[in-house]
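Residue numbers (my numbering): 781 to 1030. What follows is a single structure, written as structure tokens, with notes after it.
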């Protein structure tokens, strides 16, 4: 039985991290390394077409922080609206690597997300959780137009970049602060803060937990074939008030 060399493995890991950090520093052009630089590097080294980072804390629904292109943004919004998919599963567990979204296993596991994601332009999805110990920060999502697995080296690079994204998010939280309710501060790039605001309003209006309020908001958006943040904007502007069953109320 062939045994590995721990020293060589550690050296290769350090070399990989140094190489990828050099890529990020170069992309930042002398500025601070940010999430957008991590996403751009992930597209380059992992051989995927798009990447995105979504953040989530215990008191907040999933929220897009950055996407490299429109396709990634639409897929993230689809995940947010439906509340299912590889990116949701990775938030609460380990990496979810889906080389082909069209196979029956995917349609059985994510009956709504899988076909919708294919129509939106995704053939494969690789969701890497961003966490430090027991703290969930979010997910680094990689999208490929065609089906196909990540290579061993590509996956190793992507995992290092996921670790780097964690460091960037923690540094941002340290500098700007995260409030006691687990909300990311304004100015950190959240695309749809109205979803959080609407969830809070529904919680108060219906006297239900935030998780239930978000489910009802999602259910209404899906039933009306509308984007979640559009419905949320109507709730915040008081153009829409949901009733107890997730239908329009008074």
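Using N, Cα and C, we set each Cβ at its ideal position, and we do this for glycine too.
Assigned with DSSP and collapsed to three states, residue 836 falls in coil, not helix or strand. Closest in alpha carbon position to residue 836, among 950, 981, 937, 827, is 950. Secondary structure of residue 814 (DSSP, three-state): coil. For residue 920, there is no enclosing alpha helix (DSSP H); the residue is found in the beta strand (DSSP E) stretching over 915-924.
Looking at 817, 982, 922, 911, the one whose alpha-carbon comes closest to that of residue 935 is 922. Here DSSP, grouped into helix, strand and coil, assigns residue 1022 to strand. Where residue 1015 is concerned, there is no enclosing beta strand (DSSP E), although the alpha helix (DSSP H) around it starts and stops at 1008-1016. With a contact defined as Cβ atoms closer than 8 Å, residue 831 and residue 819 qualify at about 4 Å. For residue 855, the enclosing alpha helix (DSSP H) starts and ends at 850-862. Counting C-beta pairs with one atom in each stretch, the region 974-982 and the region 930-947 have fewer than three that are closer than 8 Å, which means they do not touch. Beta-bridge partners assigned by DSSP to residue 1002: none are found. With a cutoff of 8 Å on beta-carbon distance, residue 866 and residue 878 are scored as near each other. Collapsing the DSSP output to three states places residue 900 in a helix.
Ranked by Cα distance from residue 946, the options 810, 799, 817, 795 are led by 817. Spatial neighbours of residue 1022 in its own chain (CB-CB distance under 8 Å, excluding positions within 5 residues in sequence) are listed in chain order as 982, 985, 986, 996, 997, 1000, 1015, 1028, 1029.
The beta carbons of residue 845 and residue 821 sit no closer together than 8 Å. When the alpha-carbon of residue 977 is set against those of 988, 1003, 1009, the nearest one is in 1009.
In this structure, DSSP gives residue 996 a helical state, which the three-state scheme calls helix. DSSP places residue 878 in the uninterrupted beta strand (DSSP E) bounded by 876-878.
Cβ contact annotation for residue 863 (same chain, cutoff 7 Å, sequence separation greater than five): 998, in chain order.
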